[in-house]
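Enquirer: Quick one: the structure is below, questions incoming.
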Amino acid sequence: MAFPTETVYGLGADGTSPAAVRRIFAAKGRPGDNPLILHIAMAADLHALVRSVPREANILAREFWPGPLTMVLPRAASVPDAVTAGLDTVAVRMPSHPVALALIRAAGVPVAAPSANRSGRPSPTRAEHVLADLEGRIEVILDAGPTGVGLESTVLDLTVSPPMILRPGGVTSEDLERVLGRVELHPAAAGESVALAQARSPGMKYVHYAPEARVVLVEGDQAAVAGRVRALAEGYRTAGLRVAILATGGDSEAYSGYDVWRPGTASVAPGGRTAAVAAGLYAALRDMDRAGVEVIIVEGIDARGLGLAIMNRLRRAASERILVGPGTGEEQDGSR
Ligand code: TXA
Ligand code: MG
Numbered sequence: 085m086a087f088p089t090e091t092v093y094g095l096g097a098d099g100t101s102p103a104a105v106r107r108i109f110a111a112k113g114r115p116g117d118n119p120l121i122l123h124i125a126m127a128a129d130l131h132a133l134v135r136s137v138p139r140e141a142n143i144l145a146r147e148f149w150p151g152p153l154t155m156v157l158p159r160a161a162s163v164p165d166a167v168t169a170g171l172d173t174v175a176v177r178m179p180s181h182p183v184a185l186a187l188i189r190a191a192g193v194p195v196a197a198p199s200a201n202r203s204g205r206p207s208p209t210r211a212e213h214v215l216a217d218l219e220g221r222i223e224v225i226l227d228a229g230p231t232g233v234g235l236e237s238t239v240l241d242l243t244v245s246p247p248m249i250l251r252p253g254g255v256t257s258e259d260l261e262r263v264l265g266r267v268e269l270h271p272a273a274a275g276e277s278v279a280l281a282q283a284r285s286p287g288m289k290y291v292h293y294a295p296e297a298r299v300v301l302v303e304g305d306q307a308a309v310a311g312r313v314r315a316l317a318e319g320y321r322t323a324g325l326r327v328a329i330l331a332t333g334g335d336s337e338a339y340s341g342y343d344v345w346r347p348g349t350a351s352v353a354p355g356g357r358t359a360a361v362a363a364g365l366y367a368a369l370r371d372m373d374r375a376g377v378e379v380i381i382v383e384g385i386d387a388r389g390l391g392l393a394i395m396n397r398l399r400r401a402a403s404e405r406i407l408v409g410p411g412t413g414e415e416q417d418g419s420r
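Using the working numbering, the first residue of the sequence shown is number 85, and each one after it goes up by one.
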């Protein structure tokens with residue numbers, strides 16, 4: 085059953101039943117070695133799922149649960165292998181969406197749930213995205229309208245010291261540092277590609293969040309970025325391709341004359357511009373695909389706060405990344 089959380093829609097099943105959990109993998113077409121998050125409705129339910137609860141986990145639960153923080157901890161023997169993909173750890177979070185909490189309470193078990201998209205597609209932030217990806221493959225979608233955060237939860241590994249962010253999300257590294265002191269960022273969490281041997285989270289190995297269009301991400305000095313984005317758009321247009329610009333900045337004049345998409349302008353996000361971009365990013369990527377856009381040129385955003393989660397997703401979706409320096413507009417980094 086698909087259900088809303090405050091981050092993205094999830095595809096839930098009884099997290100104590102290996103058979104139910106296997107059906108999630110089948111519906112999504114998800115590789116069997118990529119483990120799932122267990123969702124609980126009360127922080128105290130964490131104890132039954134893990135071997136030990138470190139002091140930091142209690143502090144974090146008090147501070148950020150319910151909310152978009154997933155903690156990776158040593159798993160209890162009772163957690164099915166199908167959930168953890170055979171790992172010695174388990175990922176647990178308590179979502180804050182009232183519908184998610186009601187569902188978990190009614191289920192009476194921890195609910196195993198990945199994002200409710202076909203594997204490799206952008207996560208769903210609306211029920212219609214779930215339908216587009218999984219119609220005919222699942223029975224029920226609980227529709228509660230668009231999700232709030234719009235990007236998946238922060239995944240924090242608490243089995244290492246200092247704790248390590250495996251995936252940036254709604255709880256920022258600044259938030260975590262404020263509470264824990266020191267926190268490390270896995271290179272993949274910044275969006276860098278990592279060798280398989282370095283992948284601490286199986287999800288890091290897979291291409292993610294990718295629309296069908298070719299995504300070209302331009303990062304770096306703000307003023308230089310706009311110039312490079314325009315030059316690229318012009319080049320692709322001249323080549324006869326349907327090109328559109330995904331604009332994250334506030335300057336509405338910068339790209340006049342081009343097909344410009346601005347994620348999140350329709351939604352009123354209390355957290356300002358960055359929160360609005362996060363909330364609307366996946367919907368924009370899906371809408372651009374549907375509109376037949378062939379090349380998406382993305383204007384990068386400052387990778388601080390929630391911006392880090394946005395850039396992580398964009399870097400992973402991009403088939404080409406261009407880094408420009410101040411003044412020059414010079415390319416400093418190639419494609420991957
Ligand atoms: O916001 C979210 O987290 C959403 C909603 C539905 O809760 N869920 C979600 O699940 O994004 P999913 O499966 O799409 O992403 C879970 C990520 C994957 O990258 C997976 O590899 C990682 O968490 N993960 C799960 N268990 C892990 C573990 N034991 N150790 C390390 N990484 C783990
Ligand atoms: Mg996912």
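In this text, a Cβ means the ideal position worked out from N, Cα and C, and glycines have one as well.
Remember, it's a predicted structure, so these values are computed and weren't measured experimentally.
Please report how far the alpha carbon of Gly275 lies from the alpha carbon of Val408, in whole angstroms.
Expert: If you take the alpha carbons of Gly275 and Val408, they lie about 17 Å apart.
Enquirer: Any heavy atom of ligand 2 closer than 7 Å to the Cβ of Pro152?
Expert: Not so, every heavy atom of ligand 2 lies at least 7 Å from the Cβ.
Enquirer: Taking DSSP as the reference, what is the three-state secondary structure of Glu258?
Expert: Three-state DSSP puts Glu258 in a helix.
Enquirer: In terms of DSSP beta bridges, what is His123 paired with?
Expert: Its beta-bridge partners are Arg177, Val195.
Enquirer: Excluding the 5 residues preceding and the 5 following Thr89 in the sequence, name in chain order all residues of the same chain whose CB lies nearer than 6 Å to its CB.
Expert: Here the set comprises Pro179, His181, Ala184.
Enquirer: Can at least three beta-carbon pairs, one atom from the segment 248-260 and one from the segment 223-238, be found at a separation below 8 Å?
Expert: The segment 248-260 is in contact with the segment 223-238.
Enquirer: Can you pull the DSSP bridge partners for Arg405?
Expert: According to DSSP, Arg405 bridges with Leu301.
Enquirer: Is the distance from the Cβ of Leu316 to the Cβ of Ile394 below 8 Å?
Expert: No, these two residues do not count as a Cβ contact at 8 Å.
Enquirer: Have a look at Gly204, Val105, Gly319, Leu325 and flag the residue whose alpha-carbon is nearest the alpha-carbon of Ile121.
Expert: Per the Cα distances, Val105.
Enquirer: Please list, in chain order, all residues of the same chain as Val267 whose beta carbon is under 7 Å from its beta carbon, the five residues on each side excluded.
Expert: Excluding residues within five positions, the ones whose Cβ falls inside 7 Å are Pro246, Pro247, Ile249, Ser257, Leu260, Glu261.
Enquirer: Considering Cα atoms alone, identify which of Gly220, Phe109, Thr243, Val327 is closest to Asp172.
Expert: Considering only alpha carbons, the answer is Thr243.
Enquirer: Which term fits Ala297, buried or exposed, when burial requires 16 or more other beta carbons within 10 angstroms of its beta carbon?
Expert: It counts as buried.
Enquirer: To the nearest angstrom, report how far apart Arg146 and Ser136 are at their CA atoms.
Expert: Rounded to the nearest angstrom, the two C-alpha atoms are 17 Å apart.
Enquirer: Report yes or no: do the segment 160-168 and the segment 111-131 share at least 3 C-beta pairs separated by less than 8 Å?
Expert: Taking 8 Å as the limit for Cβ pairs, the verdict is that the segment 111-131 does touch the segment 160-168.
Enquirer: What residues match up with Thr209 in a beta bridge as DSSP calls it?
Expert: The partner list for Thr209 (beta bridge, DSSP) is empty, contrary to what the question assumes.
Enquirer: Assuming Glu303 contacts Val309 under a Cβ cut-off of 8 Å, what Cβ separation, rounded to an integer in Å, is found between them?
Expert: Their Cβ separation, rounded to whole angstroms, is 7 Å, which keeps Glu303 and Val309 in contact under 8 Å.
Enquirer: Under a three-way DSSP split, which group does Thr89 fall into?
Expert: Correct three-state label for Thr89: coil.
Enquirer: Can you tell me whether Glu140 is buried or exposed? The criterion is at least 16 other CB atoms within 10 Å of its CB, across all chains shown.
Expert: With 16 or more Cβ atoms within 10 Å of its Cβ, Glu140 is classed as buried.
Enquirer: Label Ala160 either buried or exposed according to how many other C-beta atoms from any shown protein chain fall within 10 Å of its C-beta, with 16 as the threshold for buried.
Expert: So Ala160 ends up on the exposed side.
Enquirer: Please classify Arg312: is it buried, with 16 or more other beta-carbons within 10 angstroms of its beta-carbon, or exposed?
Expert: Under this definition Arg312 is a buried residue.
Enquirer: Start and end of the beta strand (DSSP E) containing Pro158?
Expert: Note, Pro158: beta strand (DSSP E), 153-158.
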